[in-house]
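Written below as structure tokens is the structure these notes are about.
Numbering (this note's numbering), first residue to last: 226 to 485.
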């Protein structure tokens with residue numbers, strides 16, 4: 226009988242199943258597709274602009290932004306993730322640092338774009354995360370994020386399938402909790418309180434949910450590698466759809482109100 230897989234975040238060992246990295250790999254294509262739409266909409270050119278990735282993990286999204294032409298800083302609260310990101314770096318000039326999303330320790334008004342990944346659905350302090358984002362963005366800068374809605378189906382997937390059910394578990398227990406999953410309207414209100422003007426929300430999901438189940442089970446059994454998962458899961462954007470599980474969105478930092 227095969228041994229149960231070792232569930233361990235920010236771990237690259239041959240026997241480890243790192244659900245956080247699996248998520249980053251399968252989300253990468255829709256994250257970049259949505260980002261390109263946002264850049265076009267807000268008129269932001271990558272060349273000469275600075276981008277910050279918060280919750281950068283092993284640096285996959287940061288490398289994608291660097292290849293678009295941004296000067297990139299990648300921040301993550303896990304020293305192990307930072308080390309793995311540095312090991313995987315392709316000499317793209319990315320700056321990696323270990324810092325929590327709630328207290329980045331970076332200068333005010335220093336980024337044109339901030340992407341918040343793998344953060345809003347796990348933090349106990351979303352207001353602090355959004356406040357830090359607003360602080361480090363330049364006026365008019367873009368805040369882009371993806372997160373998990375709070376619905377019966379999202380609870381089944383994130384609280385059940387991904388961290389409790391033996392056949393599909395890829396996350397440590399407690400990684401997600403219902404009260405940390407936030408509906409789009411709740412997040413829009415929090416963005417507004419931080420001075421970030423919400424612009425839109427786009428649902429995204431696997432093209433066929435059965436492929437997600439096959440991919441998760443195959444990765445747990447060791448019959449699939451991490452690199453095989455994105456093509457099998459095949460995430461697609463649904464800009465006009467109502468988010469059932471996961472969604473992307475962006476907001477713009479409002480310029481300061483002139484003093485009379």
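Positions of the beta carbon are idealized from the N, C-alpha and C atoms, including for glycine.
Burial state of residue i, where buried means 16 or more other Cβ atoms lie within 10 Å
i: residue 378; result: exposed
i: residue 292; result: exposed
i: residue 266; result: exposed
i: residue 235; result: buried
i: residue 450; result: exposed
i: residue 351; result: buried
i: residue 452; result: exposed
Sequence-distant residues of the same chain with beta carbon closer than 8 Å to residue i, five excluded per side
i: residue 399; result: 388
i: residue 433; result: 459
i: residue 359; result: 368, 419, 420, 421 and 478
i: residue 304; result: 323
i: residue 226; result: Annotation note: pLDDT 43 at residue 226 (below 50); position unreliable, coordinate value reported separately. The answer is none, since no qualifying residue turns up.
Cβ neighbours of residue i in the same chain (closer than 7 Å, five flanking residues each side left out)
i: residue 280; result: 301, 326, 341, 342, 343 and 344
i: residue 486; result: Here the chain comprises residues numbered 226 to 485, so residue 486 is not present and cannot be evaluated.
i: residue 346; result: 372, 373, 401, 405 and 406
C-alpha distance - residue i paired with residue j, whole-angstrom precision
i: residue 286; j: residue 476; result: 19 Å
i: residue 299; j: residue 324; result: 9 Å
i: residue 497; j: residue 231; result: Beyond the ends of the chain as shown, which are 226 and 485, falls residue 497; an answer cannot be given.
i: residue 274; j: residue 455; result: 29 Å
i: residue 259; j: residue 464; result: 9 Å
i: residue 421; j: residue 447; result: 43 Å
i: residue 380; j: residue 391; result: 16 Å
i: residue 233; j: residue 296; result: 31 Å
i: residue 262; j: residue 403; result: 30 Å
i: residue 425; j: residue 413; result: 9 Å
i: residue 417; j: residue 365; result: 14 Å
Residues near residue i in its chain [Cβ-Cβ closer than 6 Å; skip 5 each side]
i: residue 353; result: 327
i: residue 264; result: none
i: residue 466; result: 428
i: residue 240; result: 231
i: residue 244; result: 395 and 396
Within 8 Å, strictly: CB atoms of residue i and residue j
i: residue 338; j: residue 272; result: no
i: residue 472; j: residue 428; result: yes
i: residue 409; j: residue 468; result: yes
i: residue 499; j: residue 329; result: No information on residue 499 is available, as it lies outside the stretch 226 to 485 that the chain covers here.
i: residue 315; j: residue 283; result: no
i: residue 440; j: residue 355; result: no
i: residue 370; j: residue 238; result: no
Beta carbon proximity, residue i to chain D, threshold 8 Å
i: residue 342; result: Protein chain content of the structure displayed is limited to a single chain, and chain D is not contained in it.
The ligand MN heavy atom lying under 7 Å from the CB of residue i
i: residue 268; result: As presented, the structure is devoid of all ligands, the ligand MN included, so that no description of it is given.
Rounded Cβ spacing between residue i and residue j (contact assumed at less than 8 Å)
i: residue 395; j: residue 363; result: The Cβ separation is near 37 Å, so there is no contact.
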